[in-house]
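Asks:
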Amino acid sequence: MLAASGLVASCAPLDQRVWNQMAGIEPYYASPPPPPAPPPPAPFVEILSGTPESEYGPQLEQVTKIALERKPNILFIIRLRVPTGDGPEEQIRRLLKLVPNMLDPVAEHMIRAGADSSQLDMGTLAVPYQQTPSVRIEVQ
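Just so it is clear: in the sequence shown, position 66 is 66 by the numbering used here, and no numbers are missing.
Here it is in C-alpha cells:
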C-alpha cells in the first residue's frame with residue numbers, strides 16, 4: 001500500500017490539460033482580411049476592336065476638343081490592350097498587325113481635333129484576362 005501511495009504521490013495531478021492541451025489558453029482571434037481595393041477609375045474613352053473608324057472618329061474628336069478646352073496642357077495616355085498570346089512571337093505578330101490598324105488612327109483623330117503630338121503618350125499593354133483587343137485612353 002505504501003508503494004502504491006508513493007507512485008500516486010509522484011504523478012502530476014490530473015486536470016483538464018490532460019485531455020485538451022489548449023485548455024486555459026486565451027483563444028487567438030485572427031483579424032478579418034482587409035476590404036478589397038476599389039476598382040480602378042473608368043477610362044476616359046475605350047474603343048473595342050471591330051468598331052469602325054467612321055463610328056468612333058467623330059466622337060473621339062469631339063471629346064478631345066472638350067478635354068483640350070477644359071485643360072489645354074492635358075496628357076492623353078493611350079494604351080493598346082491586347083490579350084496575351086501563345087508566346088512572345090505570337091504576341092509580337094499580333095501587335096505589329098494591331099498598332100497600324102487601331103492605335104495610329106486614334107492618334108490621327110486626336111491630332112486632327114487639336115491635340116499636340118507631345119500630349120499623346122502611346123503604348124501597348126498585354127492583359128491576360130482580356131478577350132479582345134481594345135484602345136483605352138486615360139487623361140492626366
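For glycine and all other residues, C-beta sits at the position ideal for the given N, C-alpha and C.
Three-state secondary structure (DSSP) at Glu132?
Replies: Within the sequence shown, residue 132 is the residue found at index 132, counting from 1. Before going on, a small fix: residue 132 reads as Thr here, not Glu. In the structure shown, Thr132 sits in coil (DSSP, three-state: anything other than H, G, I, E or B).
Asks: Among Leu125, Met22, Asp86, Gly114, which residue has its Cα nearest to the Cα of Pro99?
Replies: For the purposes of this step, residue 99 is identified with residue 99 of the sequence shown, where counting begins at 1. The question names Pro, but residue 99 is Val in the sequence shown. If we check each option's Cα against that of Val99, Leu125 comes out closest.
Asks: Taking buried to mean at least 16 other C-beta atoms within 10 Å of its own C-beta, is Leu60 buried or exposed?
Replies: Counting from one through the sequence shown, the residue named residue 60 turns up at place 60. Buried, since its Cβ has 16 or more Cβ neighbours within 10 Å.
Asks: Sort Val82, Gly50, Pro34, Gln21 by Cα distance to Gln130 and report the nearest one.
Replies: For the purposes of this step, residue 130 is identified with residue 130 of the sequence shown, where counting begins at 1. When Val82, Gly50, Pro34, Gln21 are compared, the shortest CA-CA separation from Gln130 is found for Val82.
Asks: Any idea which residues DSSP pairs Met102 with across the strands?
Replies: Residue numbering aside, residue 102 sits at position 102 when the sequence shown is read from its first letter. Beta-bridge pairing links Met102 to no other residue.
Asks: Could you check which residue in Pro41, Gln62, Arg94 has the C-alpha nearest to that of Val106?
Replies: Residue mapping note: residue 106 aligns to position 106 of the sequence shown, counting from 1. Per the Cα distances, Gln62.
Asks: Which one or two residues does DSSP pair with Asp121 in a beta bridge?
Replies: As a first step, residue 121 must be located in the sequence shown, where it is residue number 121. In the DSSP output, where bridge partners are listed per residue, Asp121 has Ile77.
Asks: In the DSSP assignment, find the unbroken beta strand (DSSP E) run with Ile47 in it and report its ends.
Replies: Counting from 1 along the sequence shown, the entry for residue 47 is found at position 47. Counting along the chain, Ile47 sits inside the beta strand (DSSP E) bounded by residues 45-48.
Asks: Taking just the CA atoms, how far does Ala23 sit from Cys11?
Replies: By 1-based counting over the sequence shown, the position of residue 11 is 11. By 1-based counting over the sequence shown, the position of residue 23 is 23. Distance between the alpha carbons of Cys11 and Ala23: 20 Å.
Asks: Taking just the CA atoms, how far does Thr64 sit from Gly50?
Replies: On the sequence shown, residue 50 is found 50 positions in, with the first residue counted as 1. On the sequence shown, residue 64 is found 64 positions in, with the first residue counted as 1. If you take the alpha carbons of Gly50 and Thr64, they lie about 21 Å apart.
Asks: Using DSSP with H/G/I as helix, E/B as strand and the rest coil, what is Glu138?
Replies: Your numbering for residue 138 matches position 138 in the sequence shown. The answer is strand: DSSP assigns Glu138 an E or B state.
Asks: Mind checking whether Leu80 and Leu103 have CB atoms under 8 Å apart?
Replies: Taking the sequence shown and counting its residues from 1, the one referred to as residue 80 is at position 80. Taking the sequence shown and counting its residues from 1, the one referred to as residue 103 is at position 103. Result yes, Cβ atoms of Leu80 and Leu103 sit closer than 8 Å.
Asks: Leaving out five residues on either side along the sequence, give the residues of the same chain with a beta carbon under 6 Å from the beta carbon of Ala113.
Replies: As a first step, residue 113 must be located in the sequence shown, where it is residue number 113. These residues qualify, in order along the chain: Glu61, Thr64, Lys65.
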